[in-house]
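Undergrad:
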Amino acid sequence: MELDGVLTNMPIPGEILAKAGDLSDGGELSGGNRPLFALVGDLTLKGRYGVSALFVFKDRLTAFDEKHSGGQATVMFCDIAQAKVKRMYGNAVLRIEGKDGKTLDLLRFTYSVADIGDAAALFVNKINEGEPVDQSLEIVKAAYRNMRSFCPKCGRKLKTPDSECLNCEGKSKVIQKFAKYIKPYVKRLILCLLLSVFTTALALVPPYITKVMVDSVIPGADRSMLLTIILLLLSVYVAQFSVSGIRAYLLRVTGDRIVIELKKDVYAKAQFLPMSFYDKTSTGSVINRINGDTANIQSFMLRITQEAVVQAFTLVGVIIIMLAMDWRLTLLSLIPVPLVVICGRYFGKRVAPMYRRLWRRGTSLYSILSDTIPGVRVIKAFTNEKNTINKYERYANDWLEEDKKASVTVSAFPTVITFLITCGSLIIWLVGGGQVIGDLVSGAQSGITTGVLVSFIAYAGMFYAPVNFFANLNDTYQHTLASAEKILDILNAEPEHDFGKGNKPERIKGKIEFKNVSFSFDRSKKVLDDVSFVIEPGDVVGIVGTTGAGKSTVINLIMRYYDDYEGQILVDGADVKDIDMDHFRGHIGYVQQEPMMFRDTIFNNISYGNPDAHVEQILHAADIANAHGFISRLPDAYDTLLGERGVGLSGGEKQRISIARAVLENPAILIFDEATAAVDSETEHLIQEAIERLIRGRTTLMIAHRLSTLRKANKIMVVDKGQIIEFGPPEELIAMQGKYYKLIQIQSMSEKAREMKEEENLEISIT
Amino acid sequence: MSRMYIDGPEVKITVNDGIFVDLDFYDGRKITMLEPKRLFPISGLTKYITLLDEEGNEAAIIRNVDALLPESRQVILNCLEEYYMIPKIKRLIKRSEKFRIWLWTVETDRGVHTFEIINHIVSIKNLYDGRILIKDANDNRYEIPDFNALDRRSRTLIMPDL
Ligand SMILES: Nc1ncnc2c1ncn2[C@@H]1O[C@H](COP(=O)(O)OP(=O)(O)O)[C@@H](O)[C@H]1O
Ligand SMILES: [Mg+2]
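Protein sequences appear in the order of chains A and B.
Under the working numbering, the first residue of the first sequence carries the number 14, and numbering increases by one thereafter.
Under the working numbering, the first residue of the second sequence carries the number 4, and numbering increases by one thereafter.
(1) So which of T722/A, V137/A, K112/A and I440/A has the shortest CA-CA distance to L49/A?
(2) Output yes or no for whether 7 angstroms exceeds the beta carbon distance between K282/A and V465/A.
(3) What residues in its chain sit with their C-beta under 6 angstroms from that of I271/A, if we drop five residues either side in the sequence?
(4) Among all the DSSP beta bridges, which residues are the ones paired with Q736/A?
(5) Can you list, in chain order, every residue whose CB sits closer than 6 angstroms to a heavy atom of ligand 1?
(6) Is I708/A near L677/A, with beta carbons less than 7 angstroms apart?
(7) If we define contact as Cβ-Cβ less than 7 angstroms, is S125/A a contact residue for chain B?
(8) Inspect the beta-carbon positions of L37/B and T53/B and report whether they are closer than 7 angstroms.
(9) Who are the neighbours of D20/B on chain D, taking C-beta pairs under 9 angstroms?
(10) Measuring only between beta-carbons, confirm whether M36/B sits less than 7 angstroms from chain A.
(11) Rounding to the nearest angstrom, what Cα-Cα distance links H627/A and L662/A in this structure?
(12) How long is the line joining the alpha carbons of V353/A and D132/B, rounded to whole angstroms?
(13) When DSSP labels each residue in this structure, what does L55/B get in the three-state scheme?
(14) Please classify F432/A: is it buried, with 16 or more other beta-carbons within 10 angstroms of its beta-carbon, or exposed?
(15) By the 10 Å Cβ neighbour count, where 16 or more other Cβ atoms means buried, how is E84/B classified, buried or exposed?
(16) Mind the definition here: the stretch 372–382 of chain A touches the stretch 400–413 of chain A only if three or more C-beta pairs lie below 8 angstroms; say whether that holds.
(17) To be precise: take each residue of the stretch 137–162 of chain B, compare its Cβ to all Cβ atoms of chain A, and keep it if any distance is under 9 angstroms. Which residues remain?
(18) Note down the Cα distance separating R724/A from E705/A, rounded to an integer number of angstroms.
(19) Between M288/A and the rest of its own chain, which residues show a CB-CB distance below 8 angstroms, the 5 nearest in sequence each way excluded?
(20) Would you call the CB atoms of D142/B and Y124/A closer than 7 angstroms?
(21) Give me the chain B residues within the contact set of N104/A, using Cβ-Cβ distance strictly less than 7 angstroms, ordered along the chain.
(22) Along the chain, where does the beta strand (DSSP E) containing K119/B start, and where does it finish?
(23) Since L120/A and L52/A are thought to touch, with beta carbons under 8 angstroms apart, how far apart are those beta carbons, to the nearest angstrom?
(24) State whether the stretch 252–268 of chain A contacts the stretch 201–209 of chain A, with contact taken as three or more CB pairs (one from each stretch) at a distance under 8 angstroms.
(25) Let me make sure I understand the geometry here. Which of Y490/A, L208/A, V98/A and Y198/A has the alpha-carbon closest to that of K362/A?
(26) Could you compute how far the alpha carbon of I89/A sits from the alpha carbon of K293/A?
(27) Quick check on the DSSP output: the beta strand (DSSP E) that includes Q95/A runs from which residue to which?
(28) Between the beta-carbon of E739/A and the beta-carbon of K752/A, is there less than 7 angstroms?
(29) What is the rounded straight-line gap between the Cα of S209/A and the Cα of P518/A?
(30) Would you say the stretch 432–444 of chain A touches the stretch 469–477 of chain A, given that touching needs at least three Cβ pairs under 8 angstroms?
(31) Chain B partners of K293/A, CB-CB under 8 angstroms?
(32) Can you tell which of A766/A, S565/A and G460/A has its C-alpha closest to the C-alpha of K734/A?
(33) Please classify N151/B: does DSSP put it in a helix, a strand, or coil?
(34) When DSSP builds the beta bridges, which residues end up paired with W107/B?
(35) Judging by CA-CA distance, which residue of N623/A, L655/A and A640/A is the nearest neighbour of D613/A?
(36) Given I129/A, which residues of its chain have a CB within under 7 angstroms of its CB, disregarding the five upstream and five downstream residues?
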């Protein structure tokens with residue numbers, strides 16, 4: 014957003030403009046030295062919500078906050094030693110360290126604007142380092158662009174600058190989304206509908222025949238007529254029930270198809286969701302949505318397209334027949350209708366939130382399952398079964414409690430409706446019965462005969478079923494809405510960017526370049542802070558640093574698991590975001606610390622990424638990965654069926670299989686993330702051998718704790734607290750006597766100690 | 004490696020700069036420029052406060068803030084209050100919901116504020132002690148200290164989201 018040409022994150026509040034002078038005329042902020050950009054804070058320095066702002070000029074910062082003397086403070090760049098954003102919990106301050114050693118807090122803000130605060134601090138420091146203004150301003154501009162922008166229609170923030178506004182998307186779009194699944198089956202559904210209308214029409218016949226029976230056939234003692242009527246009834250029943258059987262079958266098949274389509278789509282979408290989605294959403298909840306919620310939606314869609322129409326038809330049909338038989342009785346039987354409708358609305362409102370709450374509880378329960386059942390080995394190892402059971406019980410009870418509350422309302426509702434309906438029939442008995450008796454006594458003809466009365470009661474029963482249905486529809490609707498919401502959460506979630514779009518460069522040479530990359534998972538902590546480096550094709554880069562330094566995060570960004578970083582990542586000189594993601598990942602071999610195995614044969618696990626690979630290619634890959642030896646010694650060799658997540662293999666064996674997988678990809682870039690961290694030194698040696706065979710001629714990034722595994726590296730990158738503090742050939746780093754040098758010393762010392770211990774043990778066991 | 008625990012009166016704590024504190028032990032030792040942080044920001048507001056030096060290394064842990072000398076206690080509490088911005092929601096002024104984006108306008112102990120909740124399933128957490136934790140679209144946090152102490156209207160507004 015720009016205001017009079019000044020970049021700002023929010024419109025600058027009037028009170029600040031009043032103090033600072035207008036940007037366009039007269040005031041301090043206009044004229045020759047205009048601010049380059051502005052940052053509107055949402056907290057005061059005292060930590061309360063309020064207005065504050067920072068204007069960044071070419072040579073100074075001016076901050077407005079009630080805590081500064083006179084409400085404003087100005088600092089010249091030349092007096093600043095360092096500007097930084099100190100991130101606290103839920104808020105941050107822009108802090109200036111002066112050359113005189115004093116610090117000054119200029120501005121305070123919540124995480125909502127912290128990213129821009131970072132950019133402002135970076136800007137100040139870059140200018141002070143002598144970088145040109147224009148170039149430094151680009152970084153700031155990128156930060157403003159990156160800030161989630163606003164929907165032009167409703168002003169709400171968008172998830173990403175160019176995503177659609179969910180708010181403005183509108184209800185019709187939601188319906189459209191689901192209507193799509195019904196479309197292919199419209200013809201079938203219409204057929205079902207016609208069949209239903211037919212059976213409904215037939216269902217209207219028997220009560221009328223009852224009237225004829227009671228009024229003329231039985232009093233007239235007409236046996237042959239009786240037989241004819243019974244035969245007629247029989248054929249009506251046969252037609253009715255056989256047609257409705259066919260219809261039920263058709264409907265079920267169609268419904269199942271619809272739900273399977275929906276499930277497929279949700280599942281497919283779930284595959285393409287970015288890692289950040291799974292960081293926040295439990296897999297249990299996703300599974301629950303794919304399984305349970307789709308079914309809810311299916312049943313609702315069928316209700317709407319089928320039952321609603323049928324019931325409406327019944328309703329109209331019954332009213333017409335009733336009116337034709339006796340309009341006075343018809344009006345009487347309508348008396349409870351307004352009550353039924355009012356009740357329906359009242360209950361509907363109360364029930365909606367209950368379903369939502371129930372859903373949440375259900376999901377928590379489900380999440381425990383999906384957490385603990387696969388983790389059963391860990392649970393047993395910690396003999397934690399009892400705690401796990403308790404936790405499950407607690408959540409189950411929670412659900413039960415919520416369900417109990419909901420049940421009161423949910424079961425009271427139909428009961429009340431049925432009660433009202435029954436009262437309706439009482440009125441008919443009372444008035445209609447009175448009339449019939451009156452006619453009998455006086456001999457008059459009011460038109461209400463016993464037959465009319467009996468069939469009327471029957472019709473009235475049929476008439477209330479649809480009323481009940483429509484009153485209940487709201488409840489079902491709410492239930493479904495809760496489900497639809499969850500499904501849309503997945504269907505509408507931003508998929509990973511441009512999957513299947515973008516360039517597909519023929520060959521990836523393997524040059525990787527980070528340009529001022531900053532990244533945080535959530536705004537509370539910067540995991541990577543202004544990281545820049547260049548890796549040339551064919552480089553073997555060892556990445557070292559303490560745990561949590563951000564090594565894996567560098568890899569995650571290269572793999573494009575997370576896309577919302579600031580700065581740029583280039584591969585062969587092109588922005589990775591412009592390269593087709595599918596294509597790009599296909600050129601990377603990624604071996605993780607805990608390789609993921611699937612419940613399948615070893616063979617299929619190796620060919621996982623390349624299902625078309627030739628058998629001998631796979632044997633070759635296993636050879637290179639030093640896996641062939643142990644696989645061939647297994648009784649079922651390549652056909653060995655692995656358990657879930659590779660149960661049945663040791664860590665080192667799994668690791669070698671995952672290396673074989675990488676070999677098969679023939680990747681341009683190889684990444685090992687602590688591939689040998691969890692194995693003994695013997696196995697490590699085997700894996701190391703495999704790795705060294707594999708990396709020939711490929712750009713390789715290797716994260717390793719044991720520096721001895723990095724002997725093939727021609728460059729070392731030392732990551733510390735989200736920054737790269739050393740990067741270069743190992744000899745140079747050692748000569749520099751910096752962090753890498755220290756790490757080597759520490760490790761060789763402990764290595765020696767270990768060797769000595771091992772020798773001692775050996776001696777002991779020998780003697 | 005032994006960890007230094009602070010139990011109570013053996014140390015005097017004074018403010019150094021903003022949210023940094025100095026420790027003066029009665030045996031004469033002195034540590035300066037430490038930053039207090041909660042080890043249990045959600046479940047233990049005054050228990051186990053770690054004191055970190057500028058490198059982020061832990062110098063000591065306060066077992067229980069309430070056992071400190073009154074002035075020291077106040078110093079620590081002020082620092083924590085300054086560092087942890089978790090506004091306590093007193094009242095819900097407005098709540099609207101459209102397509103799974105919630106917009107709440109609330110009155111907090113730090114003033115009135117409007118924020119968005121993008122994914123209420125993970126963003127609103129019901130704790131067992133009756134507190135409710137809320138995370139907004141920008142990862143700012145809020146707390147409702149006691150749901151049942153809210154006024155009726157606020158409760159009805161929030162109820163469906165829990
Ligand atoms: N999915 C995640 N969500 C939030 N924080 C994360 C996530 N993954 C890692 N982190 C944090 O990011 C930091 C860097 O992690 P990582 O790059 O995995 O470190 P390492 O150097 O050990 O590989 C750590 O502090 C870690 O806690
Ligand atoms: Mg890691």
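All C-beta atoms, glycine included, are put in the ideal place defined by N, C-alpha and C.
Values in this document were obtained by computation on a predicted structure and should not be read as measured data.
TA: If we stick to the structure as given:
(1) V137/A
(2) no
(3) Y194 and Q311
(4) D733/A
(5) D292/A, F534/A, V540/A, G558/A, T560/A, G561/A, A562/A, G563/A, K564/A, S565/A and T566/A
(6) no
(7) yes
(8) no
(9) Annotation note: the requested chain D is absent from the structure, which comprises protein chains A and B.
(10) no
(11) 24 angstroms
(12) 41 angstroms
(13) strand
(14) exposed
(15) exposed
(16) yes
(17) K138, D139, A140, N141, D142, N143, R144, Y145 and M162
(18) 10 angstroms
(19) N569, Y574 and Y575
(20) yes
(21) M88
(22) The amino acid at residue 119/B is misidentified as Lys; the sequence shows Glu. Note, E119/B: beta strand (DSSP E), G114 to I120.
(23) 7 angstroms
(24) yes
(25) Y490/A
(26) The question names Ile, but residue 89/A is Met in the sequence shown. For M89/A and K293/A, the distance between alpha carbons rounds to 43 angstroms.
(27) I93 to R100
(28) yes
(29) 57 angstroms
(30) yes
(31) N122 and V125
(32) S565/A
(33) helix
(34) R98/B and F118/B
(35) L655/A
(36) N22, L52, A156, Y157 and M160
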